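What follows is a short report on a single structure.
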Amino acid sequence: MSHKIIVPIGPYHPLQEEPEYFQLYVDGEKVVDLDIIIGYNHRGIEKLSESKHFDQIPYLVERICGICSSSHPYAYCLAVENILGTEAMLVPERALYIRTIIDELQRIHSHLLWLGLAGHFIGYNTVWMWAWKYREPVLDCFEMVTGNRNNYAMFKVGGVRRDIKDEDIPILKKMLDDLIPAADLFRGAIMDDPVIKSRLKDVGLLTRQQAIDWCVVGPTARASGVNIDIRRDEPYGAIDRLDWKVILEKEGDIFCKTVVRILELYESISIIRQSLDKLPKNAPIDAEVKDIPGGEGIGRVEAPRGECFHYIKSDGTNRPIRHKIRSPSFMNVASDKVSAVGGTISDATLTLAAVDPCYCCTERVAVINKVDNRKVMNGWDLIKLCQEKTLKLKATLSES
Amino acid sequence: MRRPKLRELKEAVRALFSPAYTNDFPRKPHKPFERFRGRPYFHEEDCTGCGACAQVCPAKAIEVNDEIKGASAKRKLTVHWDTCIFCGQCEANCLTSKGITLSQEFDFATTEKREDLKQTIEKEFVMCECCGEPIVPQDQYAWVVKKIGLFSFTNASLLLFYLRSVGLALKEKMTPGDKSAVINRSTRLKILCPRCRREAVLKS
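Right under this line is the structure:
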């Protein structure tokens, strides 16, 4: 294809997680092609990790992503523990439960964040404000337990660094109790609302076969009916001792992706409640790990966006000689190529956002008219367009 | 269609009549939680100057500089708050566990230069009385003597350091950086660096 490509300069936000650059090729209203260009945020973390001690790497890898900042250190710890044996063999009981609690709390806050931004994109700014309002108590609990709202510094090889104190447990439980009405509110507001339903239904469709072909992971795959969840397939932490189920939807449109995430909130709340009840009292929280022998290990964790994979190769010194990371969004973003093409431009923003990548990506979208290769609009225009479509839909629905 | 709207209306009315969810931050100070990880501070009296914090810091925010000036030497420990990531490794691995602690400060807004966002403390060295090389900071020697108690009688340097600190032995005049000093049997009763001690033991 010989397109005249116009690259919009800025607004770049390299501080954020995954700055991607999408180029939409349009024919009138319809998206006919999509270019995904990633790699703007290459920070050399894998190489940097080779220069750090095994004890320091969790602090580095939790800064890969600010939202799933417990999944990466967790996957790293699992990979190192895989060299030493298994997690269940090495890590004390109480630490397993604390790891599970932190991991699920993070899932709650990540899903609420996504919900809010999805609401913002379709023009429901109230959903945005409410979702972020109810996310705040979760972050407060993080600050109380781990000492920070993000970048928890909880994980270490062989256990956790900080204990959940007895006086924290009632506060955590109360936060979860208060979150249930909020989750009910969102479930009602999104699943019963005719405008949102008709706005999200059959938009950004990703069929089961396409999901398998494009190797999507996490909620994006589960919304298309692909039954994968690392928590069930390869249990880690205390998750296999608790009662929960994998949320599965069939259609694979954005509505299903939303439903999967909202229903996962309930599962996460239930997992944390059970873990807090079963937390062993007065038990150690970490095992002493002295030497990491030579060898290879992998760690897989179900991050809020899907499977997070870490590979560690050690030669017996106190630094790894190879550290390979595959984050979930890397797999999911590519599926936009099938889910966004064929739709309209006003749905494109939403479709790109539905896989839950970093949102700074949408700020560098350029639309190019296929007829005369002209740049028509940028990211903010697209969000506006997306919101306008909802308003139109609302008007037609209220008339009928 | 009506019922869901009523439910959301309830939330809207509740939000209307409840006070603002956000707080009036700059005017009303925010108090973080008790275990919040904020700006790290050195505590001069508890820090031994061993430099363990600099070894474990993942961001290399703690710097250790040894300055030798004639007969005395000083160790400068600097924590750079602009590169600090507030992980708490320094506090967790501190020899005395009180030498560097994370405070609750989170507000870093300043009109100073970025390079001035730091805290420096100085520690005096114990010098080898034979070759004049710095051995360890004095506070670390004192900490070791206190920690191992009677066992410090097995090491002449530690014993001498202890006796001098309580005033039982006379403080000898140090020979500044005299590398050509003769090591003989009597040298053993001096505070020596490991290299000189080996030599003194061999020669006696």
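These protein sequence lines map, in sequence, to chains A and B.
What the first sequence shows, in this note's numbering, is residues 40 to 439, in sequence order.
What the second sequence shows, in this note's numbering, is residues 211 to 414, in sequence order.
Don't be surprised by glycine CBs; every beta carbon is placed ideally from N, CA and C.
As the structure is a prediction and not an experimental result, all values here were calculated from the model.
>> Strictly below 7 Å CB to CB, what residues from chain A border isoleucine 331 of chain B?
In response: Those within 7 Å of isoleucine 331 of chain B in chain A number zero; the least Cβ separation is about 23 Å.
> Between the C-alpha atoms of leucine 129 of chain A and threonine 139 of chain A, what's the straight-line distance to the nearest angstrom?
Replying inline: 16 Å
> Which residues share a DSSP beta bridge with tyrosine 350 of chain A?
Replying inline: A:Ile337, A:Lys363
> In terms of residues, what are the limits of the alpha helix (DSSP H) holding aspartate 349 of chain B?
Replying inline: 348 to 358
> For isoleucine 301 of chain A, which of A:Glu273, A:Val285, A:Thr165 has the nearest alpha-carbon?
Replying inline: A:Val285
> By Cβ distance, which residues of its chain are closer than 8 Å to leucine 327 of chain B, with the 5 residues on each side in sequence left out?
Replying inline: His290, Trp291, Asp292, Phe318, Thr320
>> For leucine 432 of chain A, which residues in the same chain have their Cβ closer than 8 Å to its Cβ, ignoring the five residues on either side in sequence?
In response: Val234, Ser237, Arg238
>> In whole angstroms, give me the CA-to-CA distance for cysteine 152 of chain B and isoleucine 141 of chain A.
In response: Residue coverage of chain B in this structure runs from 211 to 414, which leaves residue 152 of chain B outside it and unanswerable.
> Cβ of alanine 192 of chain A less than 8 Å from any chain B Cβ?
Replying inline: yes
> Which residues in chain A sit within 8 Å of tyrosine 231 of chain B, going by Cβ to Cβ distance?
Replying inline: Lys172, Glu175
>> On the CB-based measure, 16 or more other CB atoms within 10 Å of its CB, does lysine 400 of chain B come out buried or exposed?
In response: buried
> Can you tell me whether isoleucine 219 of chain A is buried or exposed, with buried defined as 16 or more other CB within 10 angstroms of its CB?
Replying inline: exposed
> Going along the chain, which residues of its own chain have a beta-carbon closer than 7 Å to the beta-carbon of valine 265 of chain A, five neighbours each way excluded?
Replying inline: Arg247, Ala250, Ile251
>> Please confirm whether glycine 259 of chain B has its beta-carbon closer than 8 Å to some beta-carbon of chain A.
In response: no
> Can you name the residues of chain A whose CB is closer than 8 Å to the CB of cysteine 294 of chain B?
Replying inline: Going along chain A, no residue has its Cβ under 8 Å from cysteine 294 of chain B, so there is no contact; the nearest lies around 11 Å.
>> Check for me: the beta strand (DSSP E) holding phenylalanine 252 of chain B runs from which residue to which?
In response: 250 to 252
> Which of helix, strand or coil does DSSP assign to valine 255 of chain A?
Replying inline: coil
> Which residues of chain B have a Cβ atom closer than 9 Å to the Cβ of methionine 183 of chain A, listed in chain order?
Replying inline: Phe243, Glu244, Arg245, Phe246
> Looking at C-alpha atoms only, which residue of B:Glu325, B:Ile278, B:Gln299, B:Arg324 is the closest neighbour of glutamate 333 of chain B?
Replying inline: A small fix is needed here, since residue 333 of chain B is lysine in this sequence, not glutamate. The candidate whose alpha carbon is nearest that of lysine 333 of chain B is B:Ile278.
>> Between arginine 217 of chain B and chain A, is any beta-carbon pair separated by less than 8 Å?
In response: yes
> At a CB-CB cut-off below 8 Å, which residues of chain A make contact with glutamate 489 of chain B?
Replying inline: In the structure as shown, chain B begins at 211 and stops at 414. Residue 489 of chain B is therefore absent and cannot be evaluated.
> By Cβ distance below 8 Å, which residues in the same chain neighbour cysteine 295 of chain A in space, the five residues on each side in sequence not counted?
Replying inline: Ala262, Ser263, Glu288, Lys289
>> In the DSSP output, which residue or residues are listed as bridge partners for isoleucine 422 of chain A?
In response: DSSP, once it has assigned bridges, lists no residue as partnering isoleucine 422 of chain A.
>> Just to confirm before moving on: does the CB-CB distance between alanine 393 of chain A and glycine 158 of chain A stay below 8 Å?
In response: no
> Ordered along the chain, which non-local residues of its own chain (more than five positions away) have a Cβ less than 8 Å from that of glycine 186 of chain A?
Replying inline: Ala192, Arg201
> Is asparagine 371 of chain A buried or exposed, if buried means 16 or more other CB atoms sit within 10 Å of its CB?
Replying inline: buried
> Applying a beta-carbon distance threshold of less than 9 Å, which residues of chain B neighbour alanine 326 of chain A?
Replying inline: Per Cβ cutoff of 9 Å: no residues; alanine 326 of chain A is ~16 Å from chain B at best.
> Quick one, which of A:His362, A:Ser374, A:Ile337, A:Asp325 has its alpha-carbon nearest glycine 291 of chain A's?
Replying inline: A:Ser374
>> So, at 6 Å on beta carbons, what are the nonlocal neighbours of arginine 224 of chain B in its own chain, with the 5 sequence-adjacent residues on each side left out?
In response: none
>> Just to confirm before moving on: does the CB-CB distance between proline 176 of chain A and methionine 214 of chain A stay below 8 Å?
In response: yes
> In whole angstroms, what separates the C-alpha of leucine 216 of chain B from that of leucine 436 of chain A?
Replying inline: 18 Å
> What residues in its chain sit with their C-beta under 7 Å from that of valine 274 of chain B, if we drop five residues either side in the sequence?
Replying inline: Gly261, Ala264, Arg285, Leu287
> Along chain B, in chain order, which residues have C-beta atoms closer than 9 Å to that of lysine 91 of chain A?
Replying inline: Pro268
> threonine 311 of chain B lies in the alpha helix (DSSP H); which residues open and close that run?
Replying inline: From DSSP, threonine 311 of chain B is part of no alpha helix (DSSP H) but of the beta strand (DSSP E) over 310 to 312.
> Rounded C-beta distance between proline 131 of chain A and isoleucine 324 of chain A? I'm assuming under 8 Å.
Replying inline: 6 Å
> What residues from the segment 102 to 124 of chain A come within 7 Å of chain B, judged by C-beta to C-beta, listed N to C?
Replying inline: none
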